[in-house]
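Single-structure report; data block below.
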Amino acid sequence: MNRELSPARRIGGTIVVPGDKSIAHRAALLSILASSPIEVINFPDNADCLSSLKAAESLGVKVAKESNKLVFTPPDSLSPDPETTVDCGNSGTTARLLSGIVAGTEIELTITGDESLQSRPMKRIIDPLTEMGAEFFCEDGRLPMRIRGHKLLPFEYRLPVASAQVKSAVLLAGLASNCTVAVQEEIVTRNHTELMMQHLGKGVEIRKITPVPVQDPLDPRKKKMQMPEPFKRETHLTSQTRITGGTIDIPGDMSTAAFFFAAAAISGETITVENIGLNPTRTAFLDYLKLIGCKVVIENKVTISGEPRGTVTVTGGKLSHRKISGSMTVALIDEIPIIAVVAAFASGTTVIRDAAELRVKESDRLAAVAENLSRMGVKHGILEDGIAVEGGHEFTGADFVSYGDHRIAMAFSIASLFLVGHSTIDDAECVNISCPTFYDILDQIKQ
Ligand code: S3P
116 MNRELSPARR IGGTIVVPGD KSIAHRAALL SILASSPIEV INFPDNADCL SSLKAAESLG
176 VKVAKESNKL VFTPPDSLSP DPETTVDCGN SGTTARLLSG IVAGTEIELT ITGDESLQSR
236 PMKRIIDPLT EMGAEFFCED GRLPMRIRGH KLLPFEYRLP VASAQVKSAV LLAGLASNCT
296 VAVQEEIVTR NHTELMMQHL GKGVEIRKIT PVPVQDPLDP RKKKMQMPEP FKRETHLTSQ
356 TRITGGTIDI PGDMSTAAFF FAAAAISGET ITVENIGLNP TRTAFLDYLK LIGCKVVIEN
416 KVTISGEPRG TVTVTGGKLS HRKISGSMTV ALIDEIPIIA VVAAFASGTT VIRDAAELRV
476 KESDRLAAVA ENLSRMGVKH GILEDGIAVE GGHEFTGADF VSYGDHRIAM AFSIASLFLV
536 GHSTIDDAEC VNISCPTFYD ILDQIKQ
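First residue of the sequence shown? That's 116 in the numbering used here, and the numbers climb one at a time after it.
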């Protein structure tokens, strides 16, 4: 459906956004391996999380709605019909995390997804899970993919791609198979899987590697700081690691809130989001906004179910630019489309590098961002692993294309608030993938 979008006179307000998608996926999928029920408060009602809920049901989990929560009751034994095909829809997280679970249990089934998911790379999980002892049957490392799980071998793995999905697939495979695994990260990725395993079970160790003082070889009177390992974090499970069960209360999704904070940033006005997840692996967007000239205030900080949360208020200012690369790009991976939009309204040229991963997300997000920036008249240069956006001018309304990608639709719907004249976006309902209430919340903050 094409949606009409009009410019805003003013922006402001206090909102809540739906529960964190990454945390919800993990709660639903971990219930497959738990020994007693997992109760989930604030499970978001979006298409991606529904894919994980359905995947859990396909493996025998019973899901019941009780007042304000969903209760996921694990099966007595895992014995799905080998003819089972689990359709993960558009959700890469469902497909990759579920693959880990199946790989580590002695079952067999097929995983598939929609056209976008069928084009996304699965080799990144097939390689380590095959090394652990599972069997995969697919064409060219893509879905549909048949998985034959086995009792797996102990495994130590240094992530070759900075991906929380790959890390989680290996950890879940180890958990499912009760074998020792250690996953090492050179660039730290979101850590919801490990935190949830610690919160709902026992036997999960997270080792943060910090620099230690060593003798300076150039000057024996001096010490210098050096990393004792060539990685920054190691997550370790043993054969005794178990998930019992318990309650997960999901905070609001920072990656959804980012769109509304961006509106505050561009307009120079103030938006407050309550009950928002503040896991440090997810808050890089707030750091970025501060660096380019916004005021960010965090209040009411508490930790619930192992995850920090609080109230965040962003007030926009005169926006400048800041290069994004390396570990900063990884920490901002889902926020890059909206950062490109913010960059269009900031002074100078914002350069984003090391973002080739964006080409294998729900769409080729670099190409999608470039196309939509062109449509609104923003000068930019596209690179193999990034984009440079020249900002600071007045732009006109445009007919935007979402490519069926929720984050592209949301990013350019926010852009439309600040354009001269009206805009449209095609396939606007794709926002249902992560935030079905996106346009309702937009109406709340827009005057
Ligand atoms: C996610 C991890 C990220 C992110 C995706 C959700 C997760 O993907 O882009 O939206 O929940 O683990 P990668 O880990 O593959 O970068």
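We put the beta carbon where it would ideally sit given N, CA and C, even for glycine. Keep in mind that this is a model prediction, so the values were computed, not measured.
Item                                                                                                                                                                      : Value
Three or more C-beta pairs under 8 Å: does that hold for the stretch 514 to 528 against the stretch 473 to 482?                                                           : yes
Kindly give me the distance between the Cβ atoms of ILE302 and SER137, rounded to whole angstroms, as I take these residues to be in contact under 8 Å.                   : With a Cβ gap of about 17 Å, ILE302 and SER137 do not count as contacting.
Taking the straight line between their C-alpha atoms, what separation do you get for PRO332 and GLN299?                                                                   : 28 Å
Spatial neighbours of LEU447 within its chain, please: C-beta separation below 7 Å, excluding the five flanking residues on both sides.                                   : ALA399, PHE400, TYR403, ILE439 and ILE454
Is the separation between the beta-carbon of GLU389 and that of THR426 shorter than 8 Å?                                                                                  : yes
Measuring only from the beta carbon, is ARG424 closer than 7 Å to any heavy atom that is part of the ligand S3P?                                                          : no
Buried or exposed: which applies to ALA171, given that a residue is buried once 16 or more other Cβ atoms fall within 10 Å of its Cβ?                                     : buried
Determine contact between the stretch 356 to 375 and the stretch 332 to 344, defined as no fewer than three beta-carbon pairs at a distance below 8 Å.                    : no
Leaving out five residues before and five after HIS140 in sequence, what residues of the same chain have Cβ atoms less than 8 Å from its Cβ?                              : ASP163, CYS164, SER167, SER206, THR208, THR209 and LEU212
Does the ligand S3P have even one heavy atom less than 7 Å from the beta-carbon of ASP449?                                                                                : yes
By alpha-carbon positions, which one of GLY127, HIS495, ARG474 and CYS550 ends up nearest to PRO159?                                                                      : CYS550
If you follow the beta strand (DSSP E) that VAL411 is in, where does it begin and where does it stop?                                                                     : 410 to 419
Starting from ARG348, trace the beta strand (DSSP E) both ways and give me its first and last residue.                                                                    : 348 to 358
Out of curiosity, what's the CA-to-CA distance linking ASP542 and LEU120?                                                                                                 : 13 Å
Can the beta-carbon of LEU267 be found closer than 8 Å to that of SER292?                                                                                                 : yes
With respect to the beta strand (DSSP E) encompassing ASP364, which residues constitute its N-terminal and C-terminal limits?                                             : 361 to 364
Closer than 6 Å by C-beta to PHE270: which residues in its own chain qualify, once you throw out the five before and the five after it? Chain order, please.              : MET247 and VAL296
Can you list, in chain order, the residues of its chain with a C-beta nearer than 6 Å to that of GLU505? Leave out the 5 residues immediately preceding and following it. : THR464 and LYS494
For SER283, which of GLU544, PRO328 and THR308 has the nearest alpha-carbon?                                                                                              : THR308
Going by alpha carbons, who is nearest to GLY289 out of LYS337, ILE216 and MET311?                                                                                        : ILE216
For ASP202, which option in LYS177, GLY228 and ARG263 has the closest C-alpha, if you only look at C-alpha atoms?                                                         : GLY228
Considering only C-alpha positions, which residue in the set ARG490, SER435 and ARG397 is nearest to LEU406?                                                              : SER435
Rounded to whole angstroms, what is the Cα-Cα separation between THR220 and ASN487?                                                                                       : 44 Å
In chain order, what residues of the same chain lie with their CB nearer than 6 Å to the CB of ARG348, ignoring the 5 residues before and after it?                       : GLU300, VAL303 and LYS323
On the criterion of 16 or more Cβ atoms from any shown chain inside 10 Å, does ARG239 qualify as buried, or is it exposed?                                                : buried
Does DSSP put PRO566 in a helix, a strand or coil?                                                                                                                        : The question about residue 566 has no answer here: the residues shown for the chain are numbered 116 through 562.
With DSSP as the reference, label SER440 as helix, strand or coil.                                                                                                        : coil
Please give the ranges of any alpha helix (DSSP H) in the stretch 463 to 539, keeping only runs that are unbroken, at least 4 residues long and fully inside the region.  : 480 to 490 and 521 to 531
Confirm, please, whether the CB-CB distance from VAL456 to ALA377 is below 8 Å.                                                                                           : yes
Once you ignore the five residues that flank SER420 on each side, which residues in its own chain have a CB closer than 6 Å to its CB?                                    : HIS314, ILE363 and ASP364
For the stretch 224 to 307, list the beta strand (DSSP E) runs that are entirely contained and at least 3 residues long, ordered along the chain.                         : 250 to 254, 257 to 263, 270 to 273 and 296 to 300
Cβ atoms of ILE467 and ILE502: under 8 Å apart, would you say?                                                                                                            : yes
By the 10 Å Cβ neighbour count, where 16 or more other Cβ atoms means buried, how is MET312 classified, buried or exposed?                                                : buried
Is ARG141 helix, strand or coil when you go by DSSP?                                                                                                                      : helix
Can you have a look at ASN183 and say buried or exposed, based on whether 16 or more other CB atoms are within 10 angstroms of its CB?                                    : exposed
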